[in-house]
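In what follows, a single structure is set out as structure tokens and then discussed.
Residue numbers (my numbering), protein chains in the order written: chain A, 1 to 145; chain B, 1001 to 1111; chain C, 2001 to 2128.
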């Protein structure tokens, strides 16, 4: 485990879109100010944003933990909510349990988790029905490709 | 313009109901919000979308679209295809994105 | 092409960013699904959409979108305009539908910001 250069927790309120995206914008500017490469910042911001939208859309409340080491940026989203009964099914593009409100916001088309997977180098999802969901992602500092 | 001609010129994949290729396309509509498409698209439109959910078929039937074009490599869910077959709604696919697909189809229809 | 030229092609009204009409854009992305935009749109592109809620501005901020074009004459809610002013993201409004808007810009040389899925997708990292 390499040394942590930066760490912060951001609480997120569930059920309302009023401030949705605010935390992600902050995470983006924090990473920029730390001098992290623009491609890593972009991927982290997208993951943070989809995670934030997930909490707002489905959970009662949650938080995002941002941590930065010399090797990686980690975004961890933890929520108290209904949980995901079948993670494999939820990962399938197009599958969604979103409400009409979420869909009107331009989300809930069953692409959120696929996006989180696509922009991360590693992804770990654990969930307990009736309790909540924990999504851990890591983006390696070395530019991909 | 016939759906067949658009499909040929843009090299679109026919994912189901190729018997519908002789249909006439009267216009185009780009949209991913079903309520928006319901409210604003027109009969005979070729509907261009990234949604892959089975509900798109019901919308296309209700609005009498000529066909659905799934852009950006969108793969329809299994239920989407089976409903489309039942209703006879052609579904086409392409790797290009919505802007590019709309741009090219617009160009074909407004030479 | 500058935002001023785009405004003229689309007969659009500038709602936010009238001082940024000299900004140059070459590519565009048309969508109403923000997850789709997040997955594929590139920095510096135009975002053409029928959505008017503040998430359109948030998404644009996350991705460094050059400007937002709202289609079909939609009037955005006040909080969308406020957020765009705060984050300095221009918003233009046109009466054309998304299909027509895409067609008119494409005709004048704007291109889609990805040609093909799996092609020019340098922004995507390794998959697990």
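For each residue, glycine too, the CB sits at the ideal point set by N, CA and C.
None of these values were measured; they are calculated from a predicted model.
Please tell me whether residue 93 of chain A has its Cβ less than 8 Å away from any Cβ of chain B. Position 93 of the first chain holds residue 93 of chain A. It does; some Cβ of chain B falls within 8 Å.
Could you give the distance in angstroms between the alpha-carbon of residue 1026 of chain B and the alpha-carbon of residue 1007 of chain B? Indexing the second chain from 1 puts residue 1026 of chain B at position 26. Indexing the second chain from 1 puts residue 1007 of chain B at position 7. Answer to the nearest angstrom: the Cα atoms are 14 Å apart.
If you check the beta carbons only, do residue 2034 of chain C and residue 2110 of chain C fall under 8 Å apart? The residue you call residue 2034 of chain C lines up with position 34 of the third chain. The residue you call residue 2110 of chain C lines up with position 110 of the third chain. Going by C-beta atoms, residue 2034 of chain C is not nearer than 8 Å to residue 2110 of chain C.
Label residue 9 of chain A either buried or exposed according to how many other C-beta atoms from any shown protein chain fall within 10 Å of its C-beta, with 16 as the threshold for buried. Sequence index remark: in the first chain, residue 9 of chain A carries index 9 (1-based). When all chains shown are included, residue 9 of chain A counts as exposed.
Mind checking whether residue 2075 of chain C and residue 2048 of chain C have CB atoms under 8 Å apart? If you number the third chain from 1, residue 2075 of chain C lands on position 75. If you number the third chain from 1, residue 2048 of chain C lands on position 48. No, they are not a contact pair.
Going by DSSP in three states, residue 100 of chain A sits in which element: helix, strand or coil? Against the first chain, residue 100 of chain A aligns to sequence position 100. Helix.
C-alpha distance - residue 1045 of chain B paired with residue 1101 of chain B, whole-angstrom precision: Here residue 1045 of chain B is taken as the residue at index 45 of the second chain, counted from 1. Here residue 1101 of chain B is taken as the residue at index 101 of the second chain, counted from 1. Computed Cα separation, rounded: 14 Å.
Straight-line gap, residue 81 of chain A to residue 61 of chain A (C-alpha atoms, nearest Å): Stepping through the first chain from its first residue, residue 81 of chain A is reached at position 81. Stepping through the first chain from its first residue, residue 61 of chain A is reached at position 61. Cα to Cα, the separation comes out at about 7 Å.
Kindly give me the distance between the Cβ atoms of residue 1069 of chain B and residue 1047 of chain B, rounded to whole angstroms, as I take these residues to be in contact under 8 Å. Here residue 1069 of chain B refers to the residue found at position 69 of the second chain. Here residue 1047 of chain B refers to the residue found at position 47 of the second chain. That belief holds up - the Cβ atoms of residue 1069 of chain B and residue 1047 of chain B are roughly 7 Å apart, short of 8 Å.
Partners in chain B for residue 2111 of chain C, counting only beta-carbon separations shorter than 9 Å: As a first step, residue 2111 of chain C is located in the third chain; it is residue number 111 there, counting from the start. Residues of chain B passing the Cβ test: 1099, 1100, 1103.
Using a Cβ-Cβ cutoff of less than 8 Å, which residues in the same chain neighbour residue 1037 of chain B once the five nearest sequence positions on both sides are dropped? Here residue 1037 of chain B is taken as the residue at index 37 of the second chain, counted from 1. These residues qualify, in order along the chain: 1029, 1031, 1047, 1049, 1059, 1063.
Who are the neighbours of residue 2056 of chain C on chain A, taking C-beta pairs under 8 Å? As a working mapping, residue 2056 of chain C is identified with position 56 in the third chain. By Cβ distance, chain A contributes 106.
Are three or more beta carbon pairs between the stretch 2057-2070 of chain C and the stretch 2040-2047 of chain C nearer than 8 Å? yes
Given that residue 17 of chain A touches chain C, what residues does it touch there, using C-beta distances under 8 Å? In the first chain, counting from the first residue as 1, residue 17 of chain A sits at position 17. What residue 17 of chain A touches in chain C: 2053, 2054, 2055.
Does any residue of chain A bring its CB to less than 8 Å from the CB of residue 1051 of chain B? Here residue 1051 of chain B corresponds to residue number 51 of the second chain, with the count starting at 1. Yes - at least one Cβ of chain A is within 8 Å of the one on residue 1051 of chain B.
Is there at least one Cβ from chain A nearer than 8 Å to residue 2011 of chain C's Cβ? On the third chain, residue 2011 of chain C is found 11 positions in, with the first residue counted as 1. For residue 2011 of chain C, the answer is no, since every Cβ of chain A falls outside 8 Å of its Cβ.
Answer yes or no: does any C-beta atom of chain B fall closer than 8 Å to that of residue 146 of chain A? Residue 146 of chain A lies beyond the residue range present for chain A, which begins at 1 and ends at 145; the question has no answer from this structure.
At the 8 Å Cβ level, is residue 2066 of chain C part of the contact set with chain B, yes or no? Translated into the one-based positions of the third chain, residue 2066 of chain C becomes position 66. Not closer than 8 Å to any Cβ of chain B, the Cβ of residue 2066 of chain C fails to qualify, so no.
Tell me which residues share the same chain as residue 108 of chain A and place their Cβ nearer than 6 Å to its Cβ, disregarding the 5 neighbours each side in the sequence. Reading the first chain from its first residue, position 108 is the one you call residue 108 of chain A. Excluding positions up to five away in sequence, the list reads 96, 98, 102.
Proximal residues to residue 141 of chain A (C-beta, below 8 Å), its chain only, five neighbours per side dropped: Locating residue 141 of chain A in the first chain gives position 141, where the first residue counts as 1. Closer than 8 Å at the Cβ level, and outside the excluded window around residue 141 of chain A, lie 36, 37, 40, 70, 71, 72, 73.
Does the CB of residue 20 of chain A have a neighbour CB from chain B at under 8 Å? Within the first chain, the letter at position 20 stands for residue 20 of chain A. Judged by the 8 Å Cβ criterion, residue 20 of chain A is not in contact with chain B.
Nearest residue (CA-CA) to residue 1091 of chain B, options B/1015, B/1002, B/1003, B/1023: Position 91 of the second chain, counted from the start, is the residue given in the question as residue 1091 of chain B. Minimum Cα distance to residue 1091 of chain B is reached at B/1015.
Minimum length 4: unbroken alpha helix (DSSP H) runs contained in the stretch 27-61 of chain A: 38-58
Of all the residues that make up the stretch 1014-1029 of chain B, which are near chain C by a beta-carbon distance shorter than 9 Å? 1027, 1028, 1029
What's the gap between the Cα of residue 1066 of chain B and the Cα of residue 1042 of chain B? Here residue 1066 of chain B refers to the residue found at position 66 of the second chain. Here residue 1042 of chain B refers to the residue found at position 42 of the second chain. Taking the straight line joining both Cα atoms gives about 10 Å.
Residue 1077 of chain B: contacting residues in chain A (beta-carbon distance under 7 Å): Taking the first residue of the second chain as 1, we reach residue 1077 of chain B at position 77. Under the 7 Å cutoff, chain A gives 94.
Would DSSP call residue 1056 of chain B helix, strand or coil? Your numbering for residue 1056 of chain B matches position 56 in the second chain. Residue state, collapsed to three classes: helix.
I'd like the span of the alpha helix (DSSP H) that includes residue 2106 of chain C, first residue to last. Translated into the one-based positions of the third chain, residue 2106 of chain C becomes position 106. Start and end: 2098-2107.
State the DSSP-derived secondary structure class of residue 121 of chain A, mapped to helix, strand or coil. The residue given as residue 121 of chain A occupies position 121 in the first chain. It is coil, neither helix nor strand.
Measure the alpha-carbon distance for residue 116 of chain A versus residue 1110 of chain B and round it to whole angstroms. For the purposes of this step, residue 116 of chain A is taken as residue 116 along the first chain, with counting starting at 1. For the purposes of this step, residue 1110 of chain B is taken as residue 110 along the second chain, with counting starting at 1. Using only the alpha carbons, I get a separation of about 40 Å.
Within-8 Å CB hit, residue 1033 of chain B to chain C: For the purposes of this step, residue 1033 of chain B is taken as residue 33 along the second chain, with counting starting at 1. Closer than 8 Å: yes.
Would you give the residue range spanned by the beta strand (DSSP E) that residue 1087 of chain B belongs to? In the second chain, residue 1087 of chain B corresponds to position 87, counting from 1. From DSSP, residue 1087 of chain B is part of no beta strand (DSSP E) but of the alpha helix (DSSP H) over 1078-1087.
Out of curiosity, what's the CA-to-CA distance linking residue 2019 of chain C and residue 2038 of chain C? Position 19 of the third chain, counted from the first residue, corresponds to residue 2019 of chain C. Position 38 of the third chain, counted from the first residue, corresponds to residue 2038 of chain C. Each residue's Cα considered, the two are about 27 Å apart.
Less than 8 Å between CB atoms is the rule here; does residue 1107 of chain B satisfy it with respect to chain C? Taking the first residue of the second chain as position 1, residue 1107 of chain B is located at position 107. Cβ-Cβ to chain C under 8 Å: yes for residue 1107 of chain B.
For residue 2014 of chain C, report the span of its beta strand (DSSP E) as first-last. Residue mapping note: residue 2014 of chain C aligns to position 14 of the third chain, counting from 1. Its beta strand (DSSP E) spans residues 2013-2016.
Excluding five sequence neighbours on each side, which residues of the same chain lie with their C-beta closer than 8 Å to the C-beta of residue 17 of chain A? Against the first chain, residue 17 of chain A aligns to sequence position 17. These residues qualify, in order along the chain: 56, 101, 105.
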